[in-house]
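Engineer:
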Amino acid sequence: MKRLYISDLDGTLLDSGGIVTVRTADTLNRLISEGMYFTFATARSPYSIVHITSPLKISVPCILMNGVSIYDRDRREFVKNEFIPVSASHEALRAFEENDVRCFMYKICDGVLTCCYSEMTTAVMRSFAEVRKNRYNKPFVQYDRLIDHADGEVVYLTTTGDHDRLYPVKQAADGIDGLDCAFYKDTYEDKWYLELFSHKASKANGVRYLRERYGFDEVVAFGDNLNDLPMFAQADVKVAVGNARDEVKAAADHIIGTCDEDGVAQWLKSVHLSE
Numbered sequence: 014m015k016r017l018y019i020s021d022l023d024g025t026l027l028d029s030g031g032i033v034t035v036r037t038a039d040t041l042n043r044l045i046s047e048g049m050y051f052t053f054a055t056a057r058s059p060y061s062i063v064h065i066t067s068p069l070k071i072s073v074p075c076i077l078m079n080g081v082s083i084y085d086r087d088r089r090e091f092v093k094n095e096f097i098p099v100s101a102s103h104e105a106l107r108a109f110e111e112n113d114v115r116c117f118m119y120k121i122c123d124g125v126l127t128c129c130y131s132e133m134t135t136a137v138m139r140s141f142a143e144v145r146k147n148r149y150n151k152p153f154v155q156y157d158r159l160i161d162h163a164d165g166e167v168v169y170l171t172t173t174g175d176h177d178r179l180y181p182v183k184q185a186a187d188g189i190d191g192l193d194c195a196f197y198k199d200t201y202e203d204k205w206y207l208e209l210f211s212h213k214a215s216k217a218n219g220v221r222y223l224r225e226r227y228g229f230d231e232v233v234a235f236g237d238n239l240n241d242l243p244m245f246a247q248a249d250v251k252v253a254v255g256n257a258r259d260e261v262k263a264a265a266d267h268i269i270g271t272c273d274e275d276g277v278a279q280w281l282k283s284v285h286l287s288e
């Protein structure tokens, strides 16, 4: 049986400091060298995952931005992207404007991911700092109004903030045709993420694509947060780390060690030894 193991990153494969530990990397790389198929699914973009996951020798393209893109990390190439319909982008950006919430707008043009913003907020400054820290030249473009540049190349709209401030935008997004969203609490800080993308994009659809494209008979998925539930819905075996939200644990077939206990790697090691 050809089996794919796919893990969320933050709060699942990464420890609470946001890194791949040496024990996790050593264990997974040994199992991969012995023929295990392994990859990850995350809300992150290519510009952070390339550095963060560099200790891992993954054997299958990964799922980025909650299913917006299938990405070949080693070749630095997009395999597949789901673009937001232009009308949906415009409606969503109007909802952000009406609620006085700033967001990032991601576009992919000629294979290059560009981050667009309208104002130099704390979030933008943090993003600049993250890129510098990871030594990547991420394209940033500032526009007076994002909606004036929302064309067929838009793949992702995202922001962070307080639950009550973002929730009206989330409610508006729920009523926009051609759009889907993820709304969940951050793994590391007391804030919420709101992420909008094509209704064809999700971790679930990403898993479905990998299964069909690469001929996997079974998928085993690991997660901790609400945005992992769609991935669980497409997996044959669902595994929650010990620090996962209660809703994720309730949907899981197995509950394993926490992210700070190298739960994913240790469980895979035990499964491998028992086979």
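Numbering (our numbering), first residue to last: 14 to 288. Virtual Cβ for every residue (Gly too), placed ideally from N, Cα, C.
(1) If I follow the unbroken beta strand (DSSP E) through Tyr130, where does it start and stop?
(2) Less than 8 Å separating the beta-carbons of Ala278 and Thr66?
(3) With DSSP run on the structure shown, which of helix, strand or coil describes Leu289?
(4) Does the region 208 to 218 touch the region 87 to 101, meaning 3 or more C-beta pairs lie closer than 8 Å?
(5) Does the region 172 to 185 come close enough to the region 104 to 111 that 3 or more CB-CB pairs lie under 8 Å?
(6) By alpha-carbon positions, which one of Tyr222, Gly188, Gly31, Asn240 ends up nearest to Tyr206?
(7) Would you check if the distance between the CB atom of Val284 and the CB atom of Ile269 is smaller than 8 Å?
(8) Could you round the C-beta distance between Val261 and Leu242 to whole angstroms and report it? I think they count as a contact, below 8 Å.
(9) Assign Pro152 to one of two classes, buried (16 or more other C-beta atoms within 10 Å of its C-beta) or exposed (fewer than that).
(10) Compute the Euclidean distance between the alpha carbons of Asn112 and Cys129, then round it to the nearest angstrom.
(11) Classify Arg221 as helix, strand or coil using the three-state DSSP reduction.
(12) Out of Ala54, Val81, Ser61, Arg88, state which residue places its alpha-carbon closest to the alpha-carbon of Cys12.
(13) Taking just the CA atoms, how far does Ala217 sit from Asn42?
(14) Is DSSP giving Thr271 helix, strand or coil here?
(15) Apart from the five residues just before and just after Gly276, which ones in its own chain have a Cβ nearer than 7 Å to its Cβ?
(16) Once the 5 residues before and after Val233 are set aside, which same chain residues still bring their CB inside 6 Å of it?
(17) Using three-state DSSP, classify Thr66 as helix, strand or coil.
Structural biologist: Reading it off the structure:
(1) 125 to 130
(2) no
(3) The chain is shown from 14 up to 288; residue 289 falls before or after that span and cannot be answered.
(4) yes
(5) yes
(6) Asn240
(7) no
(8) 7 Å
(9) exposed
(10) 19 Å
(11) helix
(12) In the structure as shown, the chain begins at 14 and stops at 288. Residue 12 is therefore absent and cannot be evaluated.
(13) 25 Å
(14) coil
(15) Val254, Gly255, Ile269, Gly270
(16) Tyr18, Val250
(17) coil
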